[in-house]
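Here the protein sequences line up with chains A and B, keeping their order.
Take any residue in the first sequence, note its place counting from 1, add 99, and you have its number in my numbering.
In terms of my numbering, the second sequence has 142 at position 153, counting the first letter as 1, and numbering is strictly consecutive.
Presented below is the structure to which this report refers.
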Amino acid sequence: MLSFTSSQIKAILMKPIQMKACINEVITLQAGATPVISTSACMDIVIELFDDIRTGDAVTLFSELGTLEAELHEWSSYLYRTTDELNAEIGLAGSNVSQVNALRSELTNVFNLMNTGYAAAAKVTQHKDQLSNDFFGASPYYQLNYVTAYPASTFDLIYNESVIDTIVSELESAKNTLATQKSELTRLRATYATTIEPITPVNSASWLPTNVWIRAEDNNVNPRLTIYTDANLITGLGSNFQTDSLLVRQGGTYTINYDDTLAVNTALKIIDSGANTVSIIAGTTATYTGDKFRTMIVRQTSGTPADLTAQHTTGMNSFVVVP
Amino acid sequence: MDFNTFSDRMEIYAGFINRLKHYENLLLQPTTVLNATKIAAAEVYTEVYAPFAVECNVITFKLKDAFIERHDKALDLIDELIGNGYNPADVLKLNALNTDELNLKLITEAEQIFKIYYIMDYYRKMCDETHPESWLNDLNLFQTINDVSYSNLKTDTTIFFSNLLY
Chain A
100 MLSFTSSQIK
110 AILMKPIQMK
120 ACINEVITLQ
130 AGATPVISTS
140 ACMDIVIELF
150 DDIRTGDAVT
160 LFSELGTLEA
170 ELHEWSSYLY
180 RTTDELNAEI
190 GLAGSNVSQV
200 NALRSELTNV
210 FNLMNTGYAA
220 AAKVTQHKDQ
230 LSNDFFGASP
240 YYQLNYVTAY
250 PASTFDLIYN
260 ESVIDTIVSE
270 LESAKNTLAT
280 QKSELTRLRA
290 TYATTIEPIT
300 PVNSASWLPT
310 NVWIRAEDNN
320 VNPRLTIYTD
330 ANLITGLGSN
340 FQTDSLLVRQ
350 GGTYTINYDD
360 TLAVNTALKI
370 IDSGANTVSI
380 IAGTTATYTG
390 DKFRTMIVRQ
400 TSGTPADLTA
410 QHTTGMNSFV
420 VVP
Chain B
-10 MDFNTFSDRM
0 EIYAGFINRL
10 KHYENLLLQP
20 TTVLNATKIA
30 AAEVYTEVYA
40 PFAVECNVIT
50 FKLKDAFIER
60 HDKALDLIDE
70 LIGNGYNPAD
80 VLKLNALNTD
90 ELNLKLITEA
100 EQIFKIYYIM
110 DYYRKMCDET
120 HPESWLNDLN
130 LFQTINDVSY
140 SNLKTDTTIF
150 FSNLLY
């Protein structure tokens, strides 16, 4: 989401245009048969000027535009998935014509909002890329070609206050679209609670495979649990899971294989949501139901510390038990 | 490089600094304004100020040599007067001491040497950040090139350089 107001965004984006007078002075410095200073010194000055406009708030703004663009894609994608769920809801409505019609209307709205989201994301991408390429990137076009690009008769046509106003307006519109998408999904989840998944689409979660191989990597001092989907420990799900990012089904059955060849004399300790240790696996295979998962930590079978809770990331309430 | 070319370049440079200064805190941060100023100043010092200063030094040495020559000639004349004792015929030689060729030009040469140092010191402040009174310590001073006082100074200096004795 953008933390800047429209006027703040405009102030940032107008700087390359307002800087034109300064750039013209620099060009005067290096122009003529006997320039006041050299081309390379002028380029150094121009770099200083561009460094100024692309630092501070501009960095934050472009970072936020990147996030806005990603979030619009993500929420539009989630809205797309919601169309399936609304279809399922229509199936549940059966012959209730008014309910079916209401759901069809919901479907149309969701589809339109999804479309608007993708279009807004495209606009954000277009403006972000163009402005970065021209002014705010590492080696922008107008910095490298200031001698010809700024005085060009086309400059004032390509970049002027009216153009910036349009860009700001479209960014503001994209921000509002995202807010609408979020509030609409909140409403849909509240309205069709049993059908629409209550999962946040941001920081997407993964289902834990029913048969996994877990190895404590590195060593006993700083073990890191990596989850693999094959016995040869080749295909990994990874080891750095965010909080509530692995899903297990409450009634599902999971086979856990633990490998301690790298962090020798260790065991895997599985703890449920009540902080009860339900099992320790040491170089063996065991099967558990989903309700047993909340946290995994590494335990040393000899020596201290016994529980290496601080040294890995899987033991950070990574599991969400889904009914 | 003559004075007109020199002063034109210094004014273009000063105009740029004034533009930068105008945008300070509006468009540019103070550090950017100072950094850009220093980049320009460093090169103006070596590429504009220093070459003209070298020419001025040459002029100064010529004036100084001429001064010494005339000063020596006057001393010789006085020595001659003292050596000969009082002789009414030497009054004519005394008159020679009172001509433009000696006394007046001596003073003019000394004055011109002093003025050249003054003028070059003024312009050095614009681009040499090591000068104790460097304008880079207060960029507002660059605005003075738009003042009447600067205009008068430039007019006087232009006349001065065109009337040099060397």
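Heads up, the beta-carbon is just placed ideally off N, CA and C, and yes, glycines get one too.
Just so you know, these numbers come straight off a predicted model, no measurement behind them.
| Check | Outcome |
| --- | --- |
| In chain B, which residues lie with their C-beta within 9 Å of the C-beta of Lys114/A? | Leu16, Leu17 |
| Starting from the C-beta of Leu164/A, find all residues in its chain whose C-beta is less than 8 Å away, skip the five residues before and the five after it, and write them out in chain order. | Leu101, Val223, His226, Lys227, Leu270 |
| By Cβ distance below 7 Å, which residues in the same chain neighbour Ile134/B in space, the five residues on each side in sequence not counted? | Glu0, Ala3 |
| Per DSSP, what kind of secondary structure is Phe103/A in: helix, strand or coil? | coil |
| List the endpoints of the continuous beta strand (DSSP E) containing Gln242/A. | Taken as a continuous stretch (DSSP letters only), Gln242/A belongs to no beta strand (DSSP E), being part of the alpha helix (DSSP H) at 240 to 243. |
| Would you identify the three-state DSSP class for Ala366/A, choosing helix, strand or coil? | strand |
| Counting C-beta neighbours from all protein chains within 10 Å, is the total for Asp151/A 16 or more, i.e. buried, or is it exposed? | buried |
| Give the secondary structure of Pro115/A by DSSP, where H, G and I count as helix, E and B as strand, and everything else as coil. | helix |
| Output, in sequence order along the chain, the residues in the stretch 123 to 148 of chain A whose CB is closer than 8 Å to any CB in chain B. | Glu124, Val125, Thr127, Leu128, Thr133, Val135, Ile136, Ser137, Ala140, Asp143, Ile144, Glu147, Leu148 |
| Is it buried or exposed, Tyr107/B, if we count other Cβ atoms within 10 angstroms and call 16 or more buried? | exposed |
| List, from N- to C-terminal side, the alpha helix (DSSP H) runs of 4 residues or more that fit wholly inside the stretch 146 to 225 of chain A. | 156 to 192 |
| Would you list, in chain order, the members of the stretch 4 to 37 of chain B that have their beta-carbon closer than 7 Å to a beta-carbon of chain A? | Gly4, Phe5, Arg8, Leu9, Tyr12, Leu16, Leu17, Gln18, Thr21, Asn24, Ala25, Ile28, Ala29, Glu32, Val33, Glu36, Val37 |
| Let me confirm a value: Ile136/A is counted as buried when at least 16 other C-beta atoms fall within 10 Å, else exposed. Which label applies? | buried |
| Give every residue of the same chain whose Cβ lies closer than 7 Å to the Cβ of Asn(-7)/B, excluding the five residues on either side of it in the sequence, and list them in chain order. | Thr147 |
| Below 8 Å on the Cβ atoms is my guess for Ala220/A versus Ser175/A; work out the distance and round it to an integer in Å. | 7 Å |
| How would you list, in chain order, the residues of chain B whose beta-carbon sits under 9 Å from the beta-carbon of Gln117/A? | Tyr12, Leu15, Leu16 |
| Answer yes or no: does any C-beta atom of chain A fall closer than 8 Å to that of Arg(-2)/B? | yes |
| Give me whichever residues DSSP pairs with Asn356/A in a beta bridge. | Trp312/A, Thr384/A |
| In the DSSP output, what is Phe(-8)/B paired with across the bridge? | Paired residues: none, contrary to the question. |
| Mind checking which residues open and close the alpha helix (DSSP H) that includes Leu307/A? | It is not in any alpha helix (DSSP H) - Leu307/A carries neither H nor E in the DSSP assignment. |
| Compare the beta carbon distance of Val347/A and Leu367/A with 8 Å and say whether it is the shorter of the two. | no |
| Could you check whether the Cβ of Ala237/A sits closer than 8 Å to any Cβ belonging to chain B? | no |
| For the beta strand (DSSP E) containing Leu345/A, list its first residue and its last residue. | 345 to 348 |
| How should Trp306/A be labelled, buried or exposed, when 16 other C-beta atoms within 10 angstroms of its C-beta is the threshold for buried? | exposed |
| Should Thr360/A go down as buried or exposed, given a rule of 16 or more other Cβ atoms within 10 Å for buried? | exposed |
| To the nearest whole angstrom, what separates the beta carbons of Thr21/B and Glu147/A, a pair I think is in contact under 8 Å? | 6 Å |
| Is DSSP giving Gly295/A helix, strand or coil here? | Before going further, note that residue 295/A is Ile rather than Gly in the sequence given. Ile295/A: coil per DSSP, three-state reduction. |
| Whose Cβ in chain A lies nearer than 7 Å to the Cβ of Tyr111/B? | Within 7 Å Cβ-Cβ: nothing; Tyr111/B doesn't reach chain A, min ~18 Å. |
| Between the C-alpha atoms of Ile67/B and Leu81/B, what's the straight-line distance to the nearest angstrom? | 12 Å |
| Which partner residues of Phe418/A appear in the DSSP bridge assignment? | Leu345/A |
| Taking the alpha-carbon of Ala192/A as reference, which of Tyr291/A, Ala218/A, Thr394/A has the nearest alpha-carbon? | Tyr291/A |
| In chain order, what residues of the same chain have a beta carbon less than 8 Å from the beta carbon of Thr49/B, not counting five sequence neighbours either side? | Ile102, Ile105, Tyr106 |
| What span of residues does the beta strand (DSSP E) with Arg323/A cover, start to end? | 323 to 327 |
| Whose Cβ in chain A lies nearer than 8 Å to the Cβ of Tyr156/B? | Residue 156/B cannot be examined here, being either before or after the span of chain B that is shown, -10 to 155. |
| Of the choices Thr400/A, Gln349/A, Ile369/A, whose alpha-carbon is the least far from that of Val420/A? | Gln349/A |
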